[in-house]
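With our numbering applied, the sequence shown has no gaps in its numbers, which climb one by one up to 1243 at the end.
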Amino acid sequence: MSRVLGIDTSNYTTSICIVEDNEVVYDRRKILYVEKGKRGLRQSEALFQHIKNIPDLLDENEVSNIDAICVSTRPRPYKNSYMPVFKAGESTAKSIASVLKIPYYETTHQEGHIESAKFSVGFTEQEFIAIHISGGTSEVLLCKDNTNPSIELIGGTMDISIGQFIDRVGVALGFDFPAGKYIDDLALNTSHTDLVIPSKVDGVYFNLSGQETKATGFIEKGYPRDEIALATMKCVVKTLEKLISNIVIKYNKKILLFGGVASSKYISNILNEKYKGTVYVAKPEYSLDNAVGVALIGFKRLNQNRRDKNEQ
């Protein structure tokens, strides 16, 4: 039996998870507070909140009998990828590993997202396309999960992320940040609008800054906010539909969709129905920021290291 603790301290959520024999047994998260009217947090503000949140989320009885710890130390698995917020989780993980004298592993926020998304839908493809859509990221990735794992950036946004587009429209409409859940609820409960925000997709790349300007114009003209929310989500879905069609034509691989935006019921309802068997949308609780994937990565590494030692 193996128990592994995972920690992820992203831009907007403090996450703690423990997996035992590849099953989640402890999952705690706390969304960082953003003052009303603001569209995000400074890194220093987020770091301070993580430092306050981690002790509240860690259960001493649960943590005392873990066999290893894994933590996300940067946003993506690229050389120059760095954000100060991940230092909160890293320093905590190193301290716990040192005190308990257990193995310490590092991964990235994006790799954790991929692992948790795969776990949530039982995704077993060895080579696939991942679409990571969140508040800070909108990327298309070619993933190889074999003897030589790799993640290659092959497409995505050319300006702002899908999450930024939705959040900025939502905040402009008067909702708290992050505004995705409010826009999603409005879109789900609005049957029709004549408002149109055209999508702009070129191959596996897309743009959204002009779409934000269009939505802002609707707000300034006083159109109903439920219709603006629906028009916004229709634009996002149309962008993703075009993107997915182009990916299928070019790469002919199954697609894993995850990230905070992918937790939208409006988006997932449409994509799950239209692309069944081709696009796998992570379950909402595993699309949002979490430490499940981080813990699962640690679990895999711990057991691989044990196998390697037994073979020596």
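The beta carbon of each residue, even a glycine, is placed where N, CA and C say it ideally should be. Predicted, not measured: the structure shown is a model, and the values here were computed from it.
query                                                                                                                                                                         : result
Which runs of the alpha helix (DSSP H) at least 4 residues long sit entirely within the stretch 1175-1213? Give them in chain order.                                          : 1196-1205
Helix, strand or coil for G1094, going by three-state DSSP, please let me know.                                                                                               : helix
In its own chain, which residues sit with a C-beta less than 6 Å from the C-beta of S1140, not counting the 5 before and 5 after it?                                          : D1090, I1091
Taking a contact to mean a Cβ-Cβ separation below 7 Å, would you say G1094 touches I1114 in this structure?                                                                   : no
Are at least three pairs of beta-carbons, each pair with one atom in the stretch 1044-1062 and one in the stretch 1155-1169, less than 8 Å apart?                             : no
When you compare the CB positions of T945 and K961, do they come within less than 7 Å of one another, or not?                                                                 : yes
Within this structure, are the beta carbons of V1167 and L1188 separated by less than 7 Å?                                                                                    : no
How is F1108 classed by DSSP in three states: helix, strand or coil?                                                                                                          : coil
What are the start and end residues of each continuous beta strand (DSSP E) run of 3 or more residues lying completely inside the stretch 952-991, in chain order?            : 954-962
Got a sec? Which residues, its chain only, sit under 8 Å from K1181 by beta carbon, not counting five neighbours each side?                                                   : G1134, V1135
Can you round the beta-carbon distance between I997 and R934 to whole angstroms, since I take them to be within the 8 Å contact cut?                                          : 5 Å
Within its chain, find whatever has a CB closer than 6 Å to the CB of R1232; leave out the 5 residues flanking it on each side and keep chain order.                          : Y1036
For K1010, which of helix, strand or coil comes out of DSSP?                                                                                                                  : coil
Could you check where the alpha helix (DSSP H) with I1045 kicks off and where it finishes?                                                                                    : 1040-1052
Please name the residue, chosen from E991, L1219, A1118, D958, that lies closest to V1030 on a Cα-to-Cα basis.                                                                : E991
Looking at I1064: is its Cβ nearer than 7 Å to the Cβ of G1229?                                                                                                               : no
Checking 7 Å against the spacing of the C-beta atoms, do I947 and L988 come in under that value?                                                                              : yes
Express the C-alpha separation of V955 and Y1013 in angstroms, rounding to a whole number.                                                                                    : 28 Å
Return helix, strand or coil for L1117, following the three-state DSSP convention.                                                                                            : helix
Determine the burial state of T1144: buried for a count of at least 16 other Cβ atoms within 10 Å of its Cβ, exposed for fewer.                                               : exposed
Can you look up S995 in the DSSP assignment and give me helix, strand or coil?                                                                                                : coil
Going by CA-CA distance only, name the one from E1151, I1150, G1153, S1130 that's closest to Q1142.                                                                           : S1130
Quick check on DSSP: helix, strand or coil for K1025?                                                                                                                         : helix
Taking all protein chains shown into account, do 16 or more other C-beta atoms lie within 10 angstroms of the C-beta of T1039, making it buried, or fewer, making it exposed? : buried
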